[in-house]
């Protein structure tokens, strides 16, 4: 294939280039897609299945006009962990499923009213602050995985593995060129895994990779599926957090439109892309996978290769589904040591928080304006400090909002009730 050739979204490459181009996208999404289920107690093979089928569903909803791969959403890691801990995994999945359908409701409203009202309800000062909270809320989880052994005690061995993994990921992120610059998470996971393996060979007392699960696994089988359950409070937690992820979707569509050179806001329309995202997330939760989101990693691959073909993205989705049924492959993923995941998570969760700061800075939010300062300050303290609102509705039903969900709700309310100065109106 000519490196100067551009494949537009509707172009279908010949089979000789189609498969390798699709595999590039599989590599780009793989590290992040399997990391989310590993961090939240879900099955990586199921996540691959729902990412692939969710992407195909998105392609169908958008009339095969938008080249976007959907994988596991990092923004929902915190609510997945919190709801699973308080209510159980099935209720977290049920909440995620309803949230996907909530996306579709918002898409319907946008279809008839436009998206300007979202900018009023969720300006950059709210969205940026909430994204910072999402990243920092997860910071203790990353450090625990990076520095504790299987018994939950501090381990210098675990910390050394995490540091090496983090170092490899940083080097890959900064110094790798071309396609490899789009897969630093995958490179970090592989590098940390290899380091841990050889350390175990050199010092058997520190061997923490157990291949027994791989030996016991069959070559082929079905991913592990879960049945969702439904409860009001978990649903409210997820729906409130989803306001931030909906705005994240709007930003992703802007970036993808600029990369491809087509206005996807107009054709096929924001309402169709958001519907595709929502249905893909609801579909994922139905089968026991994490909510999906459009992946910037794959947008990066498109920017590098100038191949924007929906056929290529669809091919990557099919490959992901096929990999989900290789049981031995899924077993290998499950042997990834926790400190390796912790090392990668230190960077990833920090990047989430940093992207919130970037949203605030690039939007020109002025913190000399007391209104902006108050909104951000309250969101950060409630979200990171463990703010909690709880009361009994009946003897058997307790309403509780905490952490990110409560911080988001309070931020939205403050934004609506604090008077807007002329200076703030000019910024927005």
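Residue numbers (the working numbering): 3 to 430. Yeah, the Cβ is synthetic: ideal placement off N, Cα and C, and Gly gets one too.
query: Leaving out the 5 sequence neighbours to the left and right, which residues in its chain are closer than 7 Å to residue 261 when beta-carbon positions are compared?; result: 301, 304, 305
query: Who are the near neighbours of residue 12 in its chain, counting only those whose CB is closer than 6 Å to its CB and skipping five residues on each side?; result: none
query: Report the residue ranges of all beta strand (DSSP E) runs contained in full by the region 294-326; include only those spanning at least 3 residues, in chain order.; result: 294-296
query: Identify which residue in 293, 48, 391, 216 has its Cα closest to the Cα of residue 226.; result: 48
query: What first and last residue would you give for the alpha helix (DSSP H) that runs through residue 75?; result: Taken as a continuous stretch (DSSP letters only), residue 75 belongs to no alpha helix (DSSP H), as it is neither H nor E.
query: If you check the beta carbons only, do residue 198 and residue 421 fall under 8 Å apart?; result: no
query: Quick one: using the 10 Å Cβ neighbour count with 16 as the cut-off for buried, is residue 157 buried or exposed?; result: buried
query: Determine the closest residue to residue 147 out of 90, 410, 383, 347, with distance taken between C-alpha atoms.; result: 347
query: Here's the rule: buried if 16 or more other CB atoms are within 10 angstroms of the residue's CB, otherwise exposed. What is residue 374?; result: buried
query: Could you compute how far the alpha carbon of residue 5 sits from the alpha carbon of residue 115?; result: Here the model assigns residue 5 a pLDDT of 44, short of 50, so the residue's position is not dependable, and the following value carries that caveat. So the two alpha carbons sit approximately 42 Å from each other.
query: Does DSSP put residue 150 in a helix, a strand or coil?; result: strand
query: Is residue 243 closer than 8 Å to residue 361 when the C-beta atoms are compared?; result: no
query: When the distance is taken between beta carbons, is residue 219 closer than 8 Å to residue 329?; result: yes
query: According to DSSP, is residue 9 part of a helix, a strand, or is it coil?; result: strand
query: Given a cut-off of 8 Å, decide if residue 248 and residue 108 are closer than it, judged by their beta-carbon atoms.; result: yes
query: Which residue wins for smallest C-alpha separation from residue 64, given the options 381, 371, 316, 390?; result: 316
query: Reducing DSSP to helix, strand and coil, say where residue 32 ends up.; result: helix
query: Beta carbon of residue 290, beta carbon of residue 82: below 8 Å?; result: no
query: Below 8 Å, can you find three or more Cβ-Cβ pairs linking the region 177-196 to the region 255-275?; result: no
query: Residue 286 and residue 28 look like a contact to me (Cβ under 8 Å); what is the Cβ gap, rounded to whole Å?; result: That pair is no contact at about 17 Å.
query: Please work out which residues of its chain come closer than 6 Å, Cβ to Cβ, to residue 3, disregarding the five sequence neighbours upstream and downstream, and give them in chain order.; result: Any reading at residue 3 must be qualified, since the residue scores a pLDDT of 45, below 50, and its modelled position is unreliable; no value is offered.
query: Give a yes or no on contact between the region 367-384 and the region 196-215, applying the rule of three or more CB pairs nearer than 8 Å.; result: no
query: Looking only at its chain, what residues have a beta carbon closer than 7 Å to the beta carbon of residue 79, apart from the 5 residues adjacent to it on each side?; result: 38, 41, 42, 140
query: Relative to the C-alpha of residue 95, which residue among 228, 67, 386 is closest?; result: 228
query: State the start and end residues of the unbroken alpha helix (DSSP H) segment that holds residue 336.; result: 329-336
query: From which residue to which residue does the alpha helix (DSSP H) around residue 214 run?; result: 214-218
query: Return the chain-ordered list of same chain residues with a C-beta closer than 8 Å to the C-beta of residue 145, the five sequence neighbours on each side being excluded.; result: 344, 348
query: Exposed or buried, which one is residue 274 when buried takes at least 16 other CB atoms within 10 Å?; result: buried
query: Going by DSSP in three states, residue 89 sits in which element: helix, strand or coil?; result: coil
query: Under a Cβ-count criterion, where at least 16 other Cβ atoms within 10 Å of its own Cβ denotes burial, should residue 294 be classed as buried or exposed?; result: buried
query: Which residue or residues does DSSP assign as beta-bridge partners of residue 222?; result: 328
query: Taking the DSSP output, what are the residues bridged to residue 156?; result: 150
query: Near residue 207, what residues of its chain come up, given a Cβ to Cβ distance below 7 Å and the 5 sequence neighbours on each side ignored?; result: none
query: Which of helix, strand or coil does DSSP assign to residue 3?; result: Legend: pLDDT at residue 3 = 45, less than 50; position of this residue unreliable, no value from coordinates given.
query: Identify whether residue 423 lies in helix, strand or coil by the three-state DSSP scheme.; result: coil
query: Using DSSP with H/G/I as helix, E/B as strand and the rest coil, what is residue 368?; result: coil
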